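Chains as they are written, first to last, in the numbering used here: chain Y, 1 to 187; chain E, 1 to 364; chain D, 1 to 402.
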Amino acid sequence: MKSDSAPAGGARSGDATSGPPLAIVIEKYADMGVVIHTHRLHGDETVVVHAEDILDVMNFLRKDDRLNFDMMMDLTAVDYLDNQNLNPYLAEMNARFEVVYHLYSIGKNHRIRVKAPLAEDNLFINSITGIWGGADWFEREAFDMYGIVFRGHPNLKRILLYEKFEGHPLRKDYPKTKRQPLIGPRN
Amino acid sequence: MITLPDLVETVVKIAFILGLTIGFYAPIIGWIERKQSAVMQDRIGGNRAAILGFTVIGLFHSLADAIKLIFKEDFVPRGAETALHRLAPVISVVPALIAFAVIPFGGTYNLWGHETRLVIADLDVGVLYVFAIASLATYGVVIAGWASNNNWSLLGALRAAAQMFSYEVAMGLTIIGLVMFYQSLSLVEIVDKQENFYHWGIIWHFPAFILFLTCAIAENKRIPFDTPEAESELVAGYFTEYSGMKFIMFWTAEFLEIVTISALCVTLFFGGHQIPFVTVSGLIDFLGFLGPNGANAAAMLIGVAVFIIKLTLLIMLQMSIRWTLPRFRYDQVMKLGWKMILPASLIWIFLVGAGILTGVMPAV
Amino acid sequence: MTDAKKDYDFHKESHTERMVINMGPSHPATHGTVKFLVTLDGETIEDIDVEIGYLHRAFEKECENQQWSGVFPYTDRLDYTASVLNNIGYALAVEKLIGLKTPERCDYIRTIIGEMARMSGHYTNLGAGALELGALSAFIYFVEARELVWDLLESVCGARLTHNYVRIGGLISELPDGFGLGVAKAFKKNRELWSDFDKLLTKNRIFLDRMRDVGGISAEKAIEWGFTGPCLRACGVPFDVRKAEPYLIYDQLDFEIPLGSTGDNFDRYLVRMEEINQSMRIVEQCLEKMPEGPINVDDPNWRQPSKDESSKKIESLIFHFKAVIEGQKVPAGEVYQPIEGANGEVGFYVVSNGGGKPYKCRCRPPSFALTSAMPQLVTGSMLADLIPTFDMINLIGGECDR
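Dropping the structure here:
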């Protein structure tokens with residue numbers, strides 16, 4: 001057992017060479033048509049990318065020495081059914097869903113949010129389980145709750161709900177009071 | 001040729017032992033277990049069961065338990081081997097009871113011209129008899145596990161079979177030194193030879209006592225050796241599928257084995273009914289003012305009381321062990337048995353042999 | 001069989017078969033919240049499939065149909081062994097979205113209550129871990145310690161388990177009189193109980209054998225699988241949100257984050273044990289340094305006026321009415337706020353569309369990530385090793401299944 005009393009926020013300001021992660025991502029993908037939108041609302045650095053480029057972007061974020069996002073903190077999705085105006089690019093792309101990734105770098109102590117909009121008729125996105133094994137269950141949950149299909153996922157099936165559940169409950173058009181058919185015991 | 005007084009004497013003794021074990025200790029141990037664990041854990045313990053407002057410091061809980069379990073559904077799982085499923089609890093209880101036949105719970109007293117020896121059967125090979133009987137208990141457990149048609153039961157039975165078998169071997173060896181020391185396999189003789197306090201087993205065989213108690217607890221499958229019934233791993237192990245009276249029988253078997261273990265320890269290491277520095281004849285002489293029969297009867301009562309006190313103290317020792325330690329893993333139990341206790345007891349046999357040869361240990 | 005030697009299969013030839021057992025959800029060790037489908041070769045785990053979801057209560061769906069302040073009771077029921085921490089996480093996320101700065105005293109009280117909740121969570125975890133290894137007495141000692149902490153929490157907010165104590169922009173009540181004294185008294189007893197527990201287990205050979213070198217994971221793997229909290233720190237990775245991205249007043253406090261080295265169950269146990277001590281230190285420092293002042297923001301848009309005021313003043317009544325009927329209108333936007341929960345990083349990702357209800361309220365559950373790595377931790381070890389590993393992973397059903 002050793003004890004570490006790192007100074008408060010010791011690593012978090014980051015060394016001068018690394019710079020904020022968002023700037024590096026913008027610099028890397030300048031004029032490549034990958035990045036749709038970036039913002040820094042409330043200090044959360046956010047980059048919105050095309051769903052088909054997600055693996056490329058994630059690989060870059062994971063492997064680049066200046067970024068080194070070694071931890072996939074969270075993965076979820078948002079359904080902007082009647083609220084596409086919340087994010088201006090959603091209406092343009094006619095996208096209903098957004099897959100949201102939160103990444104964190106333990107060494108560099110910085111975070112980034114990556115978002116990938118998805119249209120309702122094309123709910124496919126590449127799985128990032130190859131980069132972070134821990135994304136496994138998170139992707140299953142997003143599939144379970146929103147019906148987003150993660151291509152290349154080793155075991156994409158429902159996780160919190162049961163196999164015979166109908167629909168995807170966190171979609172905004174799933175009524176809160178909806179009933180599910182009863183499934184009896186199997187034997 | 002059995003005479004009538006002999007027959008009466010034996011029946012009385014058997015009745016006494018049955019009363020002591022099933023009638024007294026089985027419920028009392030349930031109570032001791034509740035109350036002692038409560039004391040150790042800074043709790044109050046069961047104190048609600050009451051008859052007419054009297055709780056008798058929680059004693060009625062054992063009674064309530066028994067009544068509750070008697071009226072529970074007698075459940076036999078689908079696909080179980082019904083006959084064996086019924087038989088298994090009986091097979092577990094009986095060995096724990098009949099082991100008592102050779103354990104002396106008092107000395108020899110002359111009552112109204114009839115020489116009374118307080119042991120049901122004074123076998124020359126009492127020690128061997130106890131081990132032989134103890135190994136029968138394995139059958140009850142294995143049959144229970146197999147007949148239940150349940151994976152947890154089966155796993156528990158397998159663990160129990162391996163564990164009980166291993167520890168029987170070790171347990172037998174831990175006693176060899178003692179047998180060499182007393183030069184007898186008869187438990188009565190061993191107790192008689194402990195009349196001299198300086199010849200008590202615990203004084204000359206303390207390491208053997210530790211080893212024996214460890215093996216005995218492992219044989220009884222209680223924490224820290226309760227892997228066959230580990231509730232967090234195997235639900236309840238071999239008796240997962242038992243309810244009601246059949247469950248009580250396993251429960252009783254476990255409690256009776258606690259008594260048997262304690263009785264064996266008292267007999268082998270703590271001088272049985274003997275009081276330190278007081279001989280039986282000395283006690284009878286001291287009580288001479290009660291007349292010959294009265295003195296003998298009073299000495300008998302004192303001897304039995306001493307035996308029961310020692311027994312209870314050892315039961316409480318076992319309880320403290322059970323409520324202090326966490327549980328071993330199955331392979332660690334086996335490792336302890338075969339790789340540590342077995343060699344240790346062999347070394348102890350050697351040391352005792354050397355001690356007897358060189359005269360370090362007194363001849364008794 | 002064409003080539004006998006090549007096709008020889010020991011298990012087939014000897015007519016043995018793997019045993020497949022359903023461990024849970026009705027099993028003493030799985031607390032009704034998880035099912036392990038274990039394939040056993042003898043006593044060795046060959047394959048394990050973890051199924052969760054038995055405690056799914058649609059946390060997110062319920063939140064989306066609640067007003068912003070109505071979400072707090074739901075957050076209580078995430079990690080119910082340390083419920084205030086979830087309250088704080090959600091409140092901080094919403095306050096970040098609004099841009100609200102809470103008074104200093106409020107931050108101090110939140111820190112105190114949050115650390116007590118962390119203690120309660122660790123007591124529960126360590127005690128239950130001991131219990132499932134058969135050490136019932138140790139369990140009872142920590143239950144007693146937890147009761148003492150709960151008594152304090154009860155004196156603050158009236159509830160013992162689900163405290164529902166924090167509000168957007170403040171707290172429901174001020175600390176009661178004599179709270180500091182109560183803490184001093186309770187912590188004295190807690191330290192005694194801690195040392196009793198420590199004596200019973202930490203150097204106990206049986207306990208060591210069960211915990212050491214069991215359920216270990218390397219630091220790299222742990223990071224890849226999203227481990228946070230005590231389980232990550234047991235691997236020697238000094239990541240603690242309280243230090244890395246201080247929130248509330250953690251940057252002004254003096255405390256240490258204990259680190260393990262091997263990442264096995266025993267290190268997880270030690271890290272948690274030491275964190276209890278550090279939490280007590282934090283609470284004592286906070287009580288010492290705590291300033292006087294208000295506990296709520298002085299802005300009726302966010303912190304509702306008191307009942308007394310709203311029945312006397314018309315302005316207050318209007319605010320009260322609007323807050324209750326329409327809900328507080330949190331500005332549109334999205335925010336992610338991490339805090340250090342008892343199990344690891346609890347993150348709230350909150351999206352608002354400017355309405356009175358959260359548009360999306362996602363909780364990043366630490367034990368979800370930890371549990372997903374279970375197969376890696378236990379495959380190849382004995383069936384009995386599943387128990388301490390599962391305990392030290394500390395799956396809290398409410399948090400994992402939400």
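Beta carbons: idealized from backbone N, C-alpha and C, even for Gly.
Here the structure is a predicted model, which is why all the values come from computation and not from measurement.
When you compare only the Cα positions, how much space is there between residue i and residue j?
i: Y/L170; j: Y/P181; result: 18 Å
i: Y/A16; j: D/L136; result: With a pLDDT of 40 at Y/A16, under the threshold of 50, the predicted position of this residue should be treated as unreliable, though the coordinate-derived value follows. Computed Cα separation, rounded: 54 Å.
i: E/L342; j: E/C215; result: 10 Å
i: E/V266; j: D/R57; result: 58 Å
i: D/V71; j: D/A91; result: 10 Å
i: Y/G9; j: Y/V57; result: No answer about Y/G9 holds up, because its pLDDT of 34 lies below 50 and its placement is not dependable.
i: E/L357; j: E/I120; result: 35 Å
i: E/S57; j: E/I51; result: Residue 57 of chain E is actually Ile in this sequence, not Ser. Taking the straight line joining both Cα atoms gives about 12 Å.
i: D/E220; j: D/V297; result: 43 Å
i: D/G182; j: D/L152; result: 7 Å
i: E/M300; j: E/V179; result: 26 Å
i: E/W348; j: E/L264; result: 19 Å
i: Y/F138; j: Y/E52; result: 19 Å
i: D/A323; j: D/I113; result: 26 Å
i: E/L187; j: E/N151; result: 41 Å
i: D/D308; j: D/P300; result: 14 Å
i: E/S166; j: D/I88; result: 55 Å
Residues of chain Y with CB under 8 Å from residue i, in chain order?
i: D/L97; result: H42
Taking 8 Å as the threshold (C-beta atoms), are residue j and residue i in contact?
i: D/G129; j: E/R327; result: no
i: D/D49; j: D/L40; result: no
i: D/D267; j: D/H163; result: no
i: D/V94; j: D/V350; result: yes
i: E/P77; j: E/E241; result: yes
i: D/V271; j: D/A244; result: no
i: D/I387; j: D/L85; result: no
i: E/G106; j: E/V304; result: yes
i: E/E383; j: E/S243; result: Any answer about residue 383 of chain E is impossible in this case: the structure gives chain E only from 1 up to 364.
i: D/P176; j: D/S195; result: no
i: D/A138; j: D/L208; result: no
i: D/W302; j: D/G397; result: no
i: D/I295; j: D/L171; result: yes
i: E/W112; j: E/S62; result: no
i: E/A147; j: E/A236; result: no
i: Y/V41; j: D/G327; result: Note that residue 41 of chain Y is Leu in the sequence shown, not Val. In this structure, D/G327 does not lie closer than 8 Å to Y/L41 by Cβ.
i: E/R159; j: E/P228; result: yes
i: Y/A95; j: Y/V49; result: no
i: E/I202; j: E/V127; result: no
Determine the chain D residues that contact residue i at a beta-carbon separation under 8 Å, and present them in chain order.
i: E/Q41; result: L136, S137, I140 and Y141
i: Y/D136; result: S372
i: Y/I183; result: Under the 8 Å cutoff, chain D gives no residues; its nearest Cβ is about 14 Å from Y/I183.
So which residues on chain E does residue i lean against when the C-beta distance must stay under 7 Å?
i: D/H27; result: V235
i: D/M280; result: The premise fails here: D/M280 is roughly 20 Å from chain E at the closest Cβ pair, so nothing lies under 7 Å.
Since residue i meets chain D, which of its residues come closer than 7 Å, beta carbon to beta carbon?
i: E/N370; result: With chain E covering 1 to 364 only, the question about residue 370 of chain E has no answer from this structure.
i: Y/L86; result: A332 and N353
i: Y/H153; result: Near Y/H153 there are no residues of chain D at all, since even the closest Cβ is about 13 Å away, more than 7 Å.
Name, please, each residue of chain E whose Cβ falls closer than 8 Å to the Cβ of residue i.
i: D/I126; result: First, the residue type needs correcting, since residue 126 of chain D is Leu and not Ile in the sequence shown. By Cβ distance, chain E contributes nothing, its closest Cβ being about 12 Å from D/L126, past 8 Å.
Please list the partners that residue i has in chain E, where partner means a Cβ-to-Cβ separation under 9 Å.
i: D/A130; result: P326
Is there at least one non-hydrogen atom of the ligand PLP closer than 7 Å to the beta-carbon of residue i?
i: E/F197; result: Absence of the ligand PLP is noted for the structure shown, with no ligands found whatsoever.
Beta strand (DSSP E) runs contained entirely in the region 51-107 of chain D, provided each spans 3 or more residues | none
Closer than 7 Å, Cβ to any Cβ of chain D: which residues of the region 312-344 of chain E, in chain order?
-> W323, T324, L325, P326, R327, F328, R329, Y330, D331 and Q332
When you check each C-beta in the region 161-179 of chain Y against every C-beta of chain D, which residues fall closer than 9 Å?
-> L161, Y162, P169, L170, K172, Y174 and K176
Quick one, which residues of the region 56-80 of chain D are near chain Y if we go by CB-CB under 7 Å, in chain order?
-> H56, A58, E60, K61 and N65
Would you list, in chain order, the members of the region 216-231 of chain E that have their beta-carbon closer than 8 Å to a beta-carbon of chain D?
-> I223, P224, D226, T227, A230 and E231
Residues, ordered as in the chain, of the region 185-209 of chain D that lie near chain E by beta-carbon distance below 8 Å = L200, L201, N204, I206, F207 and D209
Short-range partners of chain E found in the region 373-402 of chain D, where Cβ spacing is below 8 Å | M382, L383, A384, D385, L386 and I387
Residues in the region 113-138 of chain Y with C-beta within 7 Å of chain D's C-beta atoms, listed in sequence order?
-> R113, W132, G133, G134, D136 and W137
Could you name each continuous alpha helix (DSSP H) segment of 4 residues or more that falls completely within the region 127-174 of chain D, going from the start of the chain to the end?
-> 136-157
The region 70-98 of chain Y: which residues have C-beta closer than 7 Å to a C-beta of chain D, in chain order?
-> D70, M71, M72, M73, D74, T76, V78, N83 and L86
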